[in-house]
Amino acid sequence: MRMRKRNNLEPRMEACSAIWIKEPQTMKGKWLSLMPEARAIRLEVGCGKGKFTVETAQAEPDVLLIAVERVKEAMLLGMERALEMGLKNVFFLDLDAANLEEYFEENEIDLIYLNFCDPWPRKKNAKRRLTFRSFLEKYKKVLKPMGEIHFKTDNSGLFEWSLEEFAHCKLEIRNLTRDLHANGPVGIMTGYEEKFYQLGTPINRCELINVEVQDA
Ligand SMILES: C[S@@+](CC[C@H](N)C(=O)[O-])C[C@H]1O[C@@H](n2cnc3c(N)ncnc32)[C@H](O)[C@@H]1O
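Following the working numbering, the numbering of the sequence shown begins with 3 at its first residue and continues without gaps.
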C-alpha cells in the first residue's frame, strides 16, 4: 500500500501506544494475557487502514483481534479509529508477516484473516504474495489444529493461483465462492472490498482449515 508520508507520524503513533504493541516478540505465547476472557485469538495480516479490523472487533467484543501491517502510515489510521470507538479487544503490530513465528507461538491463533493481499502479478514476484506456500506454512504453524484462514480477493488470477498453493500446503478448502456479494452484501467489508463492490467487481472468498497435525 502506497501512502503519503506524514510529518507527525511518530507523535500520532505514540498517542496510540495503548493498542500499539511495539515489542511483539515479548508477547510470544502470551497474547491471551491482553484479554484473558477472550474466547478466541484472531490475526489479520495486512490490515491496511483497518476498516475491517475495527468493525470486526466491534461486532465481536469477546474475541481478541491482532492486526499486522507493515506500513505504519496505514496502520495508524486503524489505531486512531479503534481508540475513537473505545475498542478494548484490538491491538496493532507494525511488522512484516514474513516473520510471524518470531511473535506468535505454535498453536496460538484460532483464525487468520487475509483480505485483499497485494497480487504481485509478475511471476518473478510470486514469493511475495501472502498466499505463497512459505507464508502458508508460517500461518499453519501459529494456527491451532483445525484453525482457519479466511481469504478474500477481487483478483481472480491471484485467487485461482492461491487455491493451488492451499492444496499444496494441505489446507482444506471450504465455503468457496467466486462472487461473494452476488445476492447483496455479505459480512464486514474491508476498505478495498468496498471500492471493488461499488465497481461491481466480483469478490472471491474461501475458508481454509488447518487439518494437518504439525510435527512436534
Ligand atoms: C491491498 S492492501 C489491502 C488492505 C486491507 N486488507 C483491505 O482489504 O482494505 C494490502 C495490505 O497488506 C500489507 N502487506 C503486504 N505485505 C505485507 C507483509 N508481508 N506484512 C505485513 N503487511 C503486508 C500492505 O502494506 C497493504 O496495506
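For each residue, glycine too, the CB sits at the ideal point set by N, CA and C. Every value quoted in this text rests on a predicted model; they were computed, and no experiment measured them.
Same chain, Cβ closer than 6 Å to residue i, neighbours up to 5 away in sequence not counted
| i | result |
| --- | --- |
| P26 | L95 and Y105 |
| Y115 | E46 and H152 |
| I68 | L45 and F93 |
Contact check, residue i vs residue j, beta carbons under 8 Å
| i | j | result |
| --- | --- | --- |
| V70 | L36 | no |
| E108 | K140 | no |
| V56 | L89 | yes |
| G80 | G52 | yes |
| E103 | F134 | no |
| F93 | I21 | yes |
| P63 | N91 | yes |
| E110 | W33 | yes |
| Y199 | F118 | no |
| L113 | L138 | no |
C-alpha gap between residue i and residue j, whole angstroms
| i | j | result |
| --- | --- | --- |
| C171 | K146 | 15 Å |
| N206 | D156 | 6 Å |
| C49 | E196 | 14 Å |
| A84 | M148 | 29 Å |
| L15 | K7 | The question names Leu, but residue 15 is Met in the sequence shown. One C-alpha to the other measures close to 13 Å. |
| E214 | A184 | 32 Å |
| K126 | E150 | 28 Å |
| R178 | E209 | In the sequence on display, residue 178 carries Leu and not Arg. About 7 Å. |
| N212 | N10 | 41 Å |
| R41 | M5 | 35 Å |
| M77 | L132 | 18 Å |
| F54 | C18 | 18 Å |
| T28 | P187 | 39 Å |
| D181 | S158 | 10 Å |
| P13 | S136 | 35 Å |
Chain-order list of residues whose beta-carbon lies under 8 Å from that of residue i (same chain, five-residue window excluded)
| i | result |
| --- | --- |
| L98 | Going by the sequence as given, residue 98 is Asp instead of Leu. Contacts found: R72. |
Cβ neighbours of residue i in the same chain (closer than 7 Å, five flanking residues each side left out)
| i | result |
| --- | --- |
| Q60 | M87 and L89 |
| T203 | D156 |
| K74 | L11, M15 and D96 |
| L165 | I175 |
| T58 | L67 and I190 |
Review point. For ligand 1, which residues count as neighbours when the test is a C-beta closer than 7 Å to any heavy atom?
Key: M3, V47, G48, C49, G50, K51, K53, F54, V70, E71, R72, V73, A76, L97, D98, A99, A100, N117, F118, C119, D120, L132, T192, G193, Y194 and E195
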